[in-house]
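Report on the structure given below.
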Amino acid sequence: MESNSCAATMCATVLRVCPCELCVCDHENCQQVLVHTDNACCFRVGQQVCIEFSGAMTRSCPPQITADCVRPVNCCC
3 MESNSCAATM CATVLRVCPC ELCVCDHENC QQVLVHTDNA CCFRVGQQVC
53 IEFSGAMTRS CPPQITADCV RPVNCCC
């Protein structure tokens with residue numbers, strides 16, 4: 003059987019919190035990304051997070067992903 007592990011991980015800073023989505027700044031390339039997640043309300047602007055997702059990202063502006071897991075971190079990689 004295949005593993006359920008995520009294909010990609012993003013460390014980012016939360017820029018905006020909306021119902022069911024976060025706008026974040028990806029630490030790797032300073033790009034804004036819209037993250038669809040049911041637990042968006044658990045985070046706050048300025049918080050650093052680690053986002054696990056499938057690796058699929060839209061080509062929209064800003065790009066969009068659907069998170070499998072978003073967790074707060076004290077210091078992103």
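Positions in the sequence shown are counted from 1; adding 2 to them yields this note's numbering. Every residue, glycine too, gets a C-beta built ideally from N, C-alpha and C. Here the structure is a predicted model, which is why all the values come from computation and not from measurement.
Item	Value
When you compare only the Cα positions, how much space is there between residue 44 and residue 54?	16 Å
What separation, rounded to the nearest whole angstrom, lies between the Cα atoms of residue 74 and residue 25?	15 Å
Assuming residue 17 and residue 33 are in contact, meaning their beta carbons sit under 8 Å apart, how far apart are those beta carbons, in whole angstroms?	Rounded, the Cβ-Cβ distance is 11 Å, inconsistent with contact.
Here's the rule: buried if 16 or more other CB atoms are within 10 angstroms of the residue's CB, otherwise exposed. What is residue 14?	buried
What does residue 18 pair with, by DSSP beta-bridge criteria?	25
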